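>
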Amino acid sequence: MSYEPQPDFGTPASRADEQVTLTIDGRAVTVAQGTSVMRAARECGGDIPSLCASDSLEAFGSCRLCLVEIEGRKGTPASCTTPAEQGMVVHTQSERLARLRRGVMELYISDHPLDCLTCSANNDCELQDMAAAVGLRDVRFGYDGANHLGTKPDLSNPYFLFAPDKCIVCSRCVRACDEVQGTLALTVDGRGFASAISAGQSADDFLSSECVSCGACVQACPTSALMEKSVKELGLPERAVITTCAYCGVGCTFRAEMRGEQLVRMVPWKQGKANRGHSCVKGRFAWGYANHKDRVRQPMIRERVDEPWREVSWDEALAFTAGRLAAIKAAQGARALGGITSSRCTNEETFLVQKLVRAGFGSNNVDTCARVCHSPTGYGLKTTFGTSAGTQDFDSVEHADVILVIGANPTDAHPVFASRMKRRLRQGAKLIVIDPRRIDLVKSPHVEAAHHLALQPGTNVAVLTAMAHVIVTEGLADEAFIRERCDWDEYQDWARFVADTRHSPETLEPVTRVPAAELHDAARLYARGPNSAIYYGLGVTEHSQGSSTVMAIANLAMATGNIGRPGVGVNPLRGQNNVQGACDMGSFPHELSGYRHISDGATRALFEGDWGVSLDPEPGLRIPNMLDAAIDGSFRALYIQGEDILQSDPNTHHVAAGLAAMELVIVQDLFLNETASYAHVFLPGSTFLEKNGTFTNAERRIQPVRKVMEPASGMEDWQVTQALANAMGLDWDYSHPREILAEIARLTPSFAGVSWEKLEREGSLQWPVNEASPDGSPIMHVDGFVRGKGHFVVTDYVPTDEMTGPRFPLLLTTGRILSQYNVGTQTRRTANAQWHEEDVLEIHPVDAENRGLQDGDWTRLASRTGETTLRVTVTDRVAPGVVYTTFHHPATQANVVTTEFSDWATNCPEYKVTAVQVLPSNGPSGWQQDYAEHTARSRRIAHEPAE
Amino acid sequence: MSGSATATGQSVVRMANDIARNFAALGEEQAIRQTAEHIALFWDPRMKAAGFALLARADSGFSPEAGAALAQLAGEARDSAQG
């Protein structure tokens, strides 16, 4: 696509069903009732000048440029704040209007620098456009009087600047921060001529303020007052390509705005159905890693991991790898080989990796990073509803009356969806937060949880069962829904179980530490809705009862009839951009794409026929079991695409031991990550900007990823996998990911109606897309559950084996922060590091005082598996007895401390509960120093040809 | 903890016991049956084999339900192998 600004209709679309017809400049126009006159004019191709209006913001009516004349009405009303009415006759151009608009523009321009030719917004400035539109030729007032010219710009934010002299105080930035982002960090300070945009208090600049750098203000600004620094440095883009963000599971779509092969800026695409034109600091700004000096652009190999790397050609690297794989397979059998797919890669790439493992390696030893995040979602929702996915689209939240957030921190981990959620909460929806930590949602501007159940980590099932107890014993269950949609006998068994007094809030209060009265009220609020929606994250899944908690959530939704319509449902907030897709694509060792078990002969036959091979009917190894088997000697080679298990997986010592025991570790990634320290082959990966394919977000939305620049290494990731397959003697000849997608559709019923061409046409599709739902399925289980009758599962609370005691008296729980993403491989290599340079440990003031710790002190964090050191932040966000940290930095390596305990059904690690001790320390531990030295040694690259 | 010396052996004992504990509320018979089904569906053959091998040891570490589930699977595997 060539460069064209995104259309702006001035005011938001009306959702009314009723239509009105009016006449604008002699043309009959029919629009939805409630549509502004401005929008009506723009929808029919006309235009009315404006400066303070944007269709992402409510009408404001301050700039006085959009004045119109309406027959039968006095004066010249602002078209943005005037609703279109039946029979209305509007004139947008007249001599009087022209005079008024010129007068307004004259005043604006009289206090604006006339440096258009050297301004970074030249040719992309609404003020400039409006001056032209109203025919401004002269400014009578001169510049001798007081003005704002020469005021100092605020350059504090690493990604954008604020130039007050270019500001026209239209308030679009303030309103974007309020209405779109919901942070309310900006304000107009002062009055009249002294009015100025201010980030927070007068002492604040943008960086020190509460601004979260989402960029909504930059996008809203009609001038260059708020402008991306990249545009100032590089100039305006010349073309734009629609693509999908590669950070979290929200799956924002962006216009990658380019000059040649250079990315100038990422601008949220307003037609994007996941993000609706919004973004966060990661997606919009944190793409600099793509050109970071650490990018590896050439394949590398080595015989042993204590040798330096040797840069080689693709041919040599692939021949070396294929030869080693073949030798291991010949000596130890197919089950000695395996692979790990990546939730950061495309569906097509993921599909090819699992195909290579099953059809090329000959085993089912394929797993994915969902193992350590949402594998319990797959198990739990498939068991209860019949499909391993969330039930709703993101738009659904706009219809929710009660929002229950459990084990999720959307403002940090899913910020764009959080903004939509906060908007609904500001409209009056009620909020229940179940989380041991006081996350931002509990209390933020104009948002406050009705109930915050600050439970003891590890007691999710007990809390949810207690809520079910209240619902059942107080007659709040939706019996009609259950009788129609669920198995009634199973419901009765479950109802008897939860109604037992041992599951009452009062009985469980000593375990959960949630006051019984508060839990009663929260349960009643959820049950009475009428539309109640549950959103959850890794605070649900990363427990020894992760799957049980997912099923307990499903039980609650079924018991109260909150399934199958907008505003309700069970919504897993997926961590990475393509967790859903990676799971859909057959990345788990027990199932093929579309969640069909490998033991099913008919499914296997379908794939065998298509691929021309026999498939092993037995499930393969999961990641932790691969590591065990490696230590035992039966698992010898691992191909890892886009995953850094040494940093992300629990019990680092165990992961390192497993990797070190293997004969061949192949890492395909952008950078020499932590896992690569144990690798023999490094295959350079490609960023999402360098490839074509599709991602599937948390709402099952399949969205195109489009290449905007050539891969740094010369190959997209799917091409690397194909080249490896062919080096092993397979005969793959995909020329474009559309052909892989066609194969996926051919072999996967829920993708049967998906094609590249259809995605190009529709923009996105939510699976299942099939004969029954050719246009996709925004909401699932509308008329019935996929499995038939909804399945109530008895979920007994089973305490974790990870217990506190005298040696380890505190409970550690881990999480994420807004500015960093997962193990930080990408975001640490951007200016986002300014907000989070290191992982810190949050500790309650009482626990800190007991240990003589003060804010910023170094502390030793120890568990029975290992220890690390990091600085503390003393805060009452965490309850006494609980400490919290993130895992974004390898220097901290928080997973040295986490244990091998895991979800009983899926082996998802119990990251959220580790018994620890926290004591003062002098600085980095011996282990950290050894690790740093080991990593430096492992990353050596030989610059002379090896002997 | 189990007397197994292998990493896989130690893991399968913990995993089998966890599975059985989470089905325990269904009653012993159901818990054994569902534990066996779960293991059959999700465990790699070498994990099953490691579990079967541990069954004979007095210090295997399996809970009664987990041990019974594995014994049931081991029996089925023997029957299947015999034809």
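Which chain is which? The protein sequence lines are A and B, in order. So in our numbering the end of the first sequence lands on 950, straight run, no missing numbers. So in our numbering the end of the second sequence lands on 247, straight run, no missing numbers. Beta carbons: idealized from backbone N, C-alpha and C, even for Gly. Values in this document were obtained by computation on a predicted structure and should not be read as measured data.
I'd like the span of the beta strand (DSSP E) that includes Asn574 of chain A, first residue to last.
573–575
> Any C-beta of chain B sitting closer than 8 Å to the C-beta of Trp907 of chain A?
yes
> Which value, in whole angstroms, describes the spacing of the CA atoms of Asp906 of chain A and Met179 of chain B?
CA-CA distance, Asp906 of chain A to Met179 of chain B, rounds to 9 Å.
> Is the separation between the beta-carbon of Thr563 of chain A and that of Leu479 of chain A shorter than 8 Å?
yes
> My output table needs one value for Gln265 of chain A: the three-state DSSP class, helix, strand or coil.
strand
> In terms of alpha-carbon separation, which member of A:Glu545, A:Gln301, A:Thr390, A:Pro569 lies closest to Ser399 of chain A?
For the options A:Glu545, A:Gln301, A:Thr390, A:Pro569, the alpha carbon positioned closest to that of Ser399 of chain A is the one of A:Pro569.
> I need the straight-line Cα distance from Glu509 of chain A to Arg531 of chain A, nearest angstrom please.
So the alpha carbons of these two residues sit roughly 21 Å apart.
> Exposed or buried, Met806 of chain A, counting other C-beta atoms within 10 Å across all chains shown (16 or more means buried)?
exposed
> For His417 of chain A, does the count of other Cβ atoms within 10 angstroms reach 16, so buried, or fall short, so exposed?
Result: buried.
> For Ser316 of chain A, count neighbouring Cβ atoms within 10 angstroms of its own Cβ and tell me buried if that reaches 16, exposed if not.
exposed
> On the CB-based measure, 16 or more other CB atoms within 10 Å of its CB, does Phe163 of chain A come out buried or exposed?
buried
> Please report the straight-line C-alpha distance between Thr544 of chain A and Val919 of chain A, rounded to a whole angstrom.
21 Å
> Between the segment 236–248 of chain A and the segment 676–685 of chain A, do at least 3 Cβ pairs fall closer than 8 Å?
no
> Closer than 8 Å, Cβ to Cβ, to anything on chain B: give me those residues from the segment 592–623 of chain A, in chain order.
Pro592, His593, His600, Ser602, Glu621, Pro622, Gly623
> Just curious, the alpha helix (DSSP H) that Glu201 of chain B is in, first and last residue?
192–206
> Name the chain B residues whose beta carbon is nearer than 8 Å to that of Ser551 of chain A?
Asn186
> So within the segment 491–535 of chain A, which uninterrupted beta strand (DSSP E) runs reach at least 3 residues, ignoring any that extend past its ends?
none
> Which first and last residues belong to the beta strand (DSSP E) in which His847 of chain A is found?
Neither: His847 of chain A is in no beta strand (DSSP E) and is coded neither H nor E.
> Do Ala136 of chain A and Pro167 of chain A have their CB atoms nearer than 8 Å?
no
> Ordered along the chain, which non-local residues of its own chain (more than five positions away) have a Cβ less than 6 Å from that of Ile820 of chain A?
These residues qualify, in order along the chain: Asp415, His839, Thr889.
> Is it true that the segment 281–293 of chain A meets the segment 202–217 of chain A, where meeting means three or more beta-carbon pairs spaced less than 8 Å apart?
yes
> I want to verify the contact list: residues of chain A whose CB lies under 7 Å from the CB of Phe206 of chain B, in sequence order.
His593, Pro622
> Give me, in chain order, the residues of the same chain whose beta-carbon lies closer than 7 Å to that of Ser53 of chain A; leave out the 5 immediate sequence neighbours on both sides.
Gly13, Met41, Cys66, Leu68, Cys69, Cys83, listed in sequence order.
> Which chain A residues sit within Cβ distance under 8 Å of Ser175 of chain B?
The answer, in chain order, is Pro627, Asn628, Asp631, Glu903.
> Would you say Asp182 of chain B lies against chain A (beta-carbon separation less than 8 Å)?
yes
> For Val849 of chain A, count neighbouring Cβ atoms within 10 angstroms of its own Cβ and tell me buried if that reaches 16, exposed if not.
Label assigned to Val849 of chain A: exposed.
> I'd like the span of the beta strand (DSSP E) that includes Met230 of chain A, first residue to last.
229–231
> Identify the residues that DSSP records as bridge partners of Cys251 of chain A: which are they?
A:Gln579
> DSSP three-state call for Gln857 of chain A: helix, strand or coil?
coil
> Smallest Cα separation from Gly138 of chain A: which of A:Leu641, A:Leu100, A:Phe165?
A:Leu100
> For Ser637 of chain A, go through chain B and note every residue whose CB falls closer than 7 Å to its CB, in chain order.
For the C-beta of Ser637 of chain A, the chain B residues within less than 7 Å are, from N- to C-terminus, Arg210.
> Whether or not the segment 859–866 of chain A and the segment 783–797 of chain A are in contact is what I'm after, with contact meaning three or more pairs of Cβ atoms, one per stretch, closer than 8 Å; do they touch?
no
> May I have the straight-line CA-CA distance separating Leu522 of chain A from Val405 of chain A, to the nearest angstrom?
15 Å
> Select from A:Phe698, A:Gly365, A:Ala908, A:Glu74 the residue whose C-alpha is nearest the C-alpha of Ala337 of chain A.
A:Gly365
> So, with DSSP's three-state summary, where would you put Lys358 of chain A?
helix
> Contact criterion: CB-CB distance below 8 Å. Does Ile331 of chain A meet it with respect to chain B?
no
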